[in-house]
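Okay, structure first, notes after.
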Ligand code: CJB
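Numbering (full-length UniProt numbering), first residue to last: 1 to 832.
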C-alpha cells in the first residue's frame with residue numbers, strides 16, 4: 001500500500017498542523033521517491049518523515065545563513081575530525097517544537113513516531129567522548145544563536161559496528177550511508193582543490209609556491225543543526241573527496257588498464273572511506289595525515305572565501321580584520337594543520353609577509369586539549385610530513401626556529417627546557433613534529449576540559465609554556481546538551497521535572513534544576529520519580545533481551561559502565577569486582593543470599609580493533625556473564641551483561657534506566673568524561689574516583705550522593721614508584737578474584753596475559769600501571785556501601801533526585817557560553 005492510499009499528498013512545506021504534515025509526508029513519499037511506489041513500510045515512512053522535517057529546517061537554515069551574511073558578525077568555526085551525531089529525527093522535531101504534531105500526523109498512517117524514529121541509523125562519525133562533545137557543542141551553539149559552524153569529514157563508513165562472537169569482539173563496517181542520509185545536502189557550488197605531495201618552487205623574487213603532486217577536490221555536504229526554540233539553524237559542513245572527469249584516463253581505460261585509468265578516483269575515495277583507519281602501517285599513517293590536511297585545507301579555504309564574500313572590499317590590506325571576524329577552534333590536535341595551512345594561504349596565496357600572517361593566525365586559532373595520555377599526543381614523522389606537505393613542513397620549521405630564538409633571546413632561564421618545548425623533536429632516530437607543542441606555540445588560547453585536567457595541563461604537561469604565556473591557559477569544563485540527554489531521551493522524568501518546577505524552562509536554563517532540591521524528601525515526588533525510573537528500567541530490560549537474549553530483573557540495581565574500552569578506564573576492575581561478588585555469593589548459604597541486594601552489572605563499549613588487552617576485557621565480560629547468568633544458585637542476585645554495539649542511540653536507552661554508573665578511571669587519566677554528566681542528570685548515582693569531571697559533579701551533587709573511592713591524582717606517581725620498588729602489598733580479595741579467573745571458572749580462554757598486566761615484573765604486563773590492584777579494596781568497600789544504600793529506597797531516591805538537581809552546571813550551553821565569551825569573543829546573532 002502506498003502512502004497516498006492513506007493520506008492524500010499535498011506539498012505544504014513546513015506545515016504545522018497534523019493533517020497538513022501528513023499530506024506533506026505523503027507528498028515526499030510520492031514526489032521525492034527513493035523506493036517503489038507501493039512501498040510504505042516503517043523504513044519508507046522514516047525517510048519521507050525526515051524529508052518533511054527537513055523542509056522546516058531548510059527555511060531556518062537559509063534564513064540563518066542570510067542573516068549571518070548580512071550582519072557579518074565574528075563567527076566561530078569548530079574544526080573536528082569527529083562528530084557523534086547519533087539519530088537526528090527526534091532531536092529535530094523536539095528542537096523545533098513539533099513533536100506532537102508529527103506524532104499525530106504519523107498516526108494517520110498507523111505509525112508511532114518513536115518506532116519510525118527508531119528506523120534511523122546513527123551517524124557515528126566519531127570514536128567516543130571527543131566526537132560526542134563536538135555534537136553537543138553544535139546543539140548549544142545553535143540554541144544560543146551563536147554565529148558558528150562545525151567542519152568535519154563525511155566518512156563513508158563511520159565507527160564500526162561491534163558484534164560479539166565466540167572469540168570476542170568483531171568489527172563490521174557501519175554503513176550509515178547505505179541508503180542515504182536524509183539530512184545532508186550536497187552543495188555542488190562549494191568545491192576546493194586540495195593538493196598532496198609535489199614540491200616548493202622559489203621564484204626570482206624569493207616567493208615560494210607549492211606545486212605538482214596530485215590535486216583532488218573537496219566537496220561540501222551540509223547537515224542542518226537546529227537550535228532549541230529558536231529560528232536559528234547552523235551548519236555542520238562535512239567534506240567529501242572527489243576526482244574530476246579530467247582525472248579519468250580514457251586512453252588507458254580503452255586500453256584495458258581499468259585500475260590505473262581511475263587511479264586518482266580511487267585515491268579520492270580512500271580519503272573519506274573510513275573514520276580512523278588503522279595507522280599501524282606507514283600507509284595507514286599517511287592516510288590519516290591526508291584526512292587531517294583535507295579537513296583543514298578545505299575548511300580554511302571556505303572560511304577565507306566567506307570572509308571575503310561577506311564584504312566585497314575585503315582584499316589584501318584588510319587582513320588584520322580577519323581575527324575580528326573569524327575564530328577557529330581546534331578540537332584536540334587532529335586539526336593542527338590548520339595552523340601551517342592558514343599561514344600558507346595568507347602568505348603564498350594572499351601575499352602577506354610572515355609577521356603579518358603569524359599575527360593573524362595566532363589571533364585566530366585556539367586549541368582544546370582532551371587528553372594527557374602520552375600515546376594520544378600526536379607526533380608526525382618529519383619525513384612523512386615533508387613528503388606529503390612539503391610547504392607546510394617548511395612553515396613548521398620556521399615556526400620552530402622563531403620560537404626557539406624567541407625563548408633564547410627573552411628567557412635565558414628557560415634554556416635548559418627549550419628542547420622539550422620545541423615543535424620539532426630532532427631525535428636522529430625518529431625526527432617528529434609534536435602537534436600539541438605546535439598548537440600551544442601558535443594558538444592564542446589553550447584549554448583543558450575539566451578543572452582537574454586543566455590544572456594538570458598547567459602544572460605538568462604545559463608547565464614550561466605557562467611561565468612564558470601565563471594568560472594563554474584556561475579551563476572549560478565540558479557539558480552535555482540537556483535536550484538530547486534528558487528532555488528527549490527520558491520523557492517520563494522530564495515531565496516530572498517540568499511539573500515540579502512548574503516550568504519547562506530548565507531545558508534551556510539547566511541551573512533551574514536546583515529547584516528540585518527543596519522537594520528531595522517529598523513522598524509524592526518520590527513515588528513519581530520511582531515510577532519513571534521503573535518505566536525506563538523496563539525499556540532498558542527489553543533492549544537487553546532483544547540484543548543479548550538475557551532476561552534481567554527491573555527490580556534489581558541497574559549498574560552500568562558504558563564507554564570506550566581502555567585499560568585506564570578500568571572496566572577490568574569492574575569485572576574483577578563482579579567476579580569477586582559472584583564468588584562470595586557462591587560461598588554463601590541460601591539464607592544469607594536472600595539478604596543481598598540483587599544487581600545487574602552492564603558493561604558496553606567498543607575496543608579499538610588493534611588494542612589486544614581491550615579486546616580481552618570485552619571477552620572476559622562476556623565469559624563471566626555466560627557463567628553467572630546461567631548459574632541457578634546465584635542468578636537471582638547477580639547478572640552480568642555485555643551490551644553489544646554501544647552507540648549514541650543505545651546510550652539514550654541505557655542512561656535513563658541507570659541507577660548506579662561507574663566512572664572509575666585511574667585518577668588523573670580521564671580528562672573529563674561526559675557520560676558521567678548524562679547519568680547524573682538522569683538521576684543516576686555515580687561510583688567513581690576523583691578524576692576528570694567527577695570532581696566537579698561530586699561538588700555539585702554533594703558528597704553524600706556520590707560513592708567515592710581510590711587514589712587521588714597527586715598520589716598516582718608515588719604509588720607507581722612504590723610498586724616498582726616492591727612496596728605494594730596486594731589485598732587478598734584482589735588476589736582471590738584474579739585467581740578465580742586463572743582457575744578456569746569462566747572457560748578455557750587464556751586470560752593469563754590480561755591478568756599478568758596487573759602483576760609486577762612478570763615480563764608480560766606493565767606492572768599494573770593503571771593501579772587496579774591498589775584501588776581494588778576501596779572499590780569493593782564502596783560497592784558494599786552502594787548495596788547498603790540501595791536497601792533504603794527512600795534514601796536512594798533522594799540521592800537520585802539530588803543528582804538531577806545538581807546537574808545544572810553540566811549543560812553544554814554553559815560550556816559554550818564560556819567559550820564564546822572567554823575564547824572566541826563572539827556574541828549571539830538571532831534571526832529576527
Ligand atoms: N577523548 O574521546 C576522546 N578522544 C581523544 O582522542 C582524546 C580524548 C575524550 O574527550 C572527552 C571530551 O573532552 C573527554 O571527556 C574524555 O575524558 C577524553 O578521553
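Think of the CB as a built atom: it goes at the ideal place given N, C-alpha and C, for glycine as much as any other residue.
Quick caveat, the model's predicted, so the values are computed rather than measured.
* **Residue interval of the alpha helix (DSSP H) (run including residue 497)** => 491 to 501
* Asked: Does DSSP classify residue 669 as helix, strand or coil?
  -> coil
* Consider the C-beta atom of residue 282 and the heavy atoms of the ligand CJB; say whether any pair is separated by less than 7 Å. => no
* Between the C-alpha atoms of residue 236 and residue 58, what's the straight-line distance to the nearest angstrom? -> 13 Å
* Asked: Hey, is residue 14 close to the ligand CJB, as in C-beta under 7 Å from one of its heavy atoms?
  -> no
* Would you report the Cα separation of residue 257 and residue 127, rounded to the nearest angstrom? -> 38 Å
* To do: Could you give the DSSP three-state label for residue 226: helix, strand or coil?
  => strand
* Asked: Alpha carbon to alpha carbon, how far is residue 736 from residue 583?
  -> 9 Å
* **Proximity winner among 606, 474 and 805, relative to residue 821 (alpha-carbon distances)** => 474
* Report the rounded CA-to-CA distance for residue 261 versus residue 21, giving the unit in angstroms. => 49 Å
* Decide if residue 689 is buried, meaning its Cβ has at least 16 other Cβ atoms within 10 Å, or exposed. => buried
* To do: Give the straight-line distance between the Cα atoms of residue 780 and residue 373, rounded to the nearest whole angstrom.
  => 27 Å
* Asked: Relative to the alpha-carbon of residue 747, which residue among 54, 4 and 166 has its alpha-carbon at the smallest distance?
  -> 166
* **residue 792 versus residue 634: straight-line alpha-carbon distance, rounded** => 22 Å
* **8 Å contact criterion, which residue 836 and residue 192 should meet: CB distance rounded** => Since the displayed the chain opens at 1 and closes at 832, residue 836 lies outside it and no answer follows.
* **6 Å Cβ shell around residue 528 - same chain, five flanking residues per side excluded** => 496
* To do: Report the residue from 667, 600 and 677 whose alpha carbon sits nearest the alpha carbon of residue 640.
  => 600
* Asked: Cβ of residue 801 within 8 Å of Cβ of residue 520?
  -> yes
* Less than 7 Å between the CB of residue 802 and some heavy atom of the ligand CJB, yes or no? -> no
* **beta strand (DSSP E) segments (min. 3 residues) lying fully within the stretch 132 to 159** => 148 to 153
* Asked: How long is the line joining the alpha carbons of residue 393 and residue 223, rounded to whole angstroms?
  -> 33 Å
* To do: Assign residue 199 to one of two classes, buried (16 or more other C-beta atoms within 10 Å of its C-beta) or exposed (fewer than that).
  => exposed
* Among 206, 201 and 489, the one whose alpha carbon lies nearest that of residue 212 -> 201
* Asked: Using CA coordinates, which residue listed in 31, 16 and 14 is at the minimum distance from residue 8?
  -> 31
* Give me whichever residues DSSP pairs with residue 706 in a beta bridge. => 686
* Asked: residue 385 lies in the alpha helix (DSSP H); which residues open and close that run?
  -> 382 to 388
* If we call anything under 8 Å between Cβ atoms a contact, is residue 380 one with residue 681? -> no
* Starting from residue 161 and walking both ways along the beta strand (DSSP E), at which residues does that stretch end? -> 161 to 165
* Asked: Can you check whether the CB of residue 717 is closer than 8 Å to the CB of residue 667?
  -> no
* Asked: What number of angstroms, rounded off, separates the C-alpha of residue 406 from the C-alpha of residue 439?
  -> 17 Å
* Could you tell me which uninterrupted alpha helix (DSSP H) segments, each at least 4 residues in length, are contained entirely in the stretch 743 to 816, listed from first to last along the chain? => 752 to 756, 772 to 791 and 793 to 805
* Asked: residue 529 bridges to which residues according to DSSP?
  -> Note: residue 529 sits in no beta bridge, so no partner.
* Helix, strand or coil at residue 209 according to DSSP, with G and I counted as helix -> strand
* Asked: What span of residues does the beta strand (DSSP E) with residue 170 cover, start to end?
  -> 168 to 172
* Quick one: any contact between the stretch 236 to 248 and the stretch 149 to 156, if contact means 3 or more CB pairs under 8 Å? -> yes
* **residue 783 to residue 507 span [Cα, whole Å]** => 33 Å
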